[in-house]
Amino acid sequence: MDLSQSKERRVPKYWTVFVHYRDGILSGEYPSGMRLPSENEVAKLFGISRPTVNHAFGQLEQMRLVIRRVGSGTYVANPEKNVSSSDISSAPSLKTNTLGLLVPGLGQGEIFEPICNQIVFTSQENGFRVFVGNTVALRGKDDMARGPFAEELCHQCIDQKVDGVFFQPLELSAGAEEVNRRILDSLKTAGIPVVLIDCDYLSFPRRSDFDLVGIDNFRVGYTLTEHLLETGVKNIHFIARQGSAPSIKIRFAGFREALLSHNLPIDDNRFHSVSDYETEISQLMSMRPRPDAFVCGNDHTAALVIQVLGHLNVRIPQDVRITGVDNLRYATLISVPLTTISQPCEEMGRQAVRAMMERIKTPNLPTRDFFVNFKLIVRNSSGATPTAH
């Protein structure tokens, strides 16, 4: 799907009603105390449904521009008395009916493509087009070069006056957190709502004040570790690529919790941030006692670990059991099919748009986490009976 394509731009139906009466009340066209037409009458006038009118009147009530009386009707309040500048500034203020997509991982793997496609489709269903700017330029860049391009794309979104931005924080490069901070500070200064995709930009246990849509990574780490423990292993270690996203540390926290619940040691020597897989995995396998299982931060890491273990003549799952996260296509094609976590990417995209619509409608909502469910896919690498597909 070409993310640059979009349906004809259109304004949400409730917005037309909301703006008509908001501007009429503030201009004095509808004076204080006046009874507005009923919801049924407005629905017929604008050719829309009654629930849509109810939504628009609800926005007016939230701004304290109207008073709704059950069984009596909707009356214009005194805007000078009841409405402050902060009320008006906190009301929906769509600029362009455009949402920005700032996802450096787009084109780098199988996870973000379906998420972004669904974001585009669901945004269009809600009357928004999606601006992707020069996202394609990020695809050919190495980890160090992606920061400046991401910042440039951020400024493109600001110049386009988008009404919100979906942002996947950068990872795997020095200074990624600071680049992410600059991007988010710029968007916040511009008054643009942000929904984070997949992970926060701050390292666990810190949490930023932006909405986040993803999977519960703590429960992911716990689920994978408990699954391995149920196969009888004892000396489990956690492997991640150096510079990985904050979500990896949350998975490690879940890993530790599972060990604790089974009365096993939880020292940090079980966490390994790896850059040279051949050397560092070889060193791990020379330890005594030797690890008998690895929870890997994702499928990519798991595939590299399996490759090194093959060079060392370590058998999987007889000698070492392994799990990953993401359920990438090659998880079934590597030398030993990989036990992993499957993420519902399309549902993640739909939830991201729902979160954005709510954030635009009510900017002062508290910071929220939206977790979509995941599924454990059992294959040969963990030494358990494979899941039927």
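If you read the sequence shown in numbering that gives the first Met the number 0, its first letter stands for residue 0, the second for the next number, and so on.
Note that the Cβ used here is the ideal one computed from N, Cα and C, for glycine as well.
As the structure is a prediction and not an experimental result, all values here were calculated from the model.
>> If distances are taken between C-alpha atoms only, which option among Ser274, Val319 and Gln282 comes closest to Thr338?
In response: Taking only the C-alpha atoms, the option nearest Thr338 is Val319.
>> Would Asp368 and Ile110 be called neighbours here (beta carbons separated by less than 8 Å)?
In response: If you check the CB distance, Asp368 and Ile110 do not come in under 8 Å.
> Is it the case that the Cβ atoms of Val65 and Val75 are separated by a distance below 8 Å?
Replying inline: For Val65 and Val75, yes; Cβs fall inside 8 Å.
>> On the criterion of 16 or more Cβ atoms from any shown chain inside 10 Å, does Asp184 qualify as buried, or is it exposed?
In response: Exposed: under 16 other Cβ atoms inside 10 Å.
>> Within 8 Å, do at least three Cβ pairs link the stretch 308 to 319 to the stretch 242 to 255?
In response: As far as the Cβ criterion goes, the stretch 242 to 255 does not touch the stretch 308 to 319, which means the pair count is below three.
> So what does Leu211 bridge to, in DSSP terms?
Replying inline: DSSP links Leu211 through a beta bridge to Leu195 and Asp368.
>> Tell me which residues share the same chain as Ile157 and place their Cβ nearer than 8 Å to its Cβ, disregarding the 5 neighbours each side in the sequence.
In response: So the qualifying residues of the chain are Ser185, Leu186, Ala189 and Ile191.
>> What would DSSP say about Ala244, mapped onto helix, strand or coil?
In response: Three-state DSSP puts Ala244 in coil, outside helix and strand.
>> For Thr95 and Lys160, I'd like the C-alpha separation in whole angstroms.
In response: Cα-Cα distance, rounded: 7 Å.
>> Can you give me the C-alpha to C-alpha distance between Asn179 and Leu169, rounded to a whole angstrom?
In response: The alpha-carbon of Asn179 is positioned some 7 Å away from that of Leu169.
> What three-state label does DSSP hand Ala239 in the structure shown?
Replying inline: Strand.
> What residue range is occupied by the uninterrupted alpha helix (DSSP H) comprising Thr188?
Replying inline: Here the alpha helix (DSSP H) through Thr188 covers Ala175 to Thr188.
>> Just list the residues that DSSP pairs Asp325 with in beta bridges.
In response: For Asp325, which the question treats as bridged, DSSP gives the partners Ser341.
>> I'd like to check one pair, Gln167 with Val102: are the Cβ atoms closer than 8 Å?
In response: A contact, by the Cβ cut-off of 8 Å.
> Do Leu98 and Cys115 have their CB atoms nearer than 8 Å?
Replying inline: Contact: no.
>> According to DSSP, is Ala252 part of a helix, a strand, or is it coil?
In response: Ala252 sits in a helix when the DSSP states are folded into three classes.
>> Closest to His226 by C-alpha separation, out of Arg240, Gly323 and Gln342, would be which residue?
In response: For His226, the closest of Arg240, Gly323 and Gln342 by C-alpha to C-alpha distance is Gly323.
>> As a quick exercise: from Phe45, Tyr13 and Asp197, pick the residue whose alpha carbon is nearest that of Phe56.
In response: That would be Tyr13, whose Cα lies nearest to the Cα of Phe56.
> Does the beta-carbon of Val16 have 16 or more other beta-carbons within 10 angstroms, so that it is buried, or is it exposed?
Replying inline: So Val16 ends up on the buried side.
>> Going by C-alpha to C-alpha distance, which of Asn234, Ala175 and Val131 sits closest to Gln155?
In response: The closest CA to that of Gln155, considering only Asn234, Ala175 and Val131, is found on Val131.
> Assuming Ser341 contacts Ile376 under a Cβ cut-off of 8 Å, what Cβ separation, rounded to an integer in Å, is found between them?
Replying inline: At roughly 5 Å, the Cβ-Cβ gap stays under 8 Å, so Ser341 and Ile376 are in contact.
>> I need the straight-line Cα distance from Ser37 to Ile359, nearest angstrom please.
In response: So the alpha carbons of these two residues sit roughly 26 Å apart.
> What residue range is occupied by the uninterrupted beta strand (DSSP E) comprising Gly309?
Replying inline: No beta strand (DSSP E) holds Gly309; the alpha helix (DSSP H) holding it covers Asp298 to His310.
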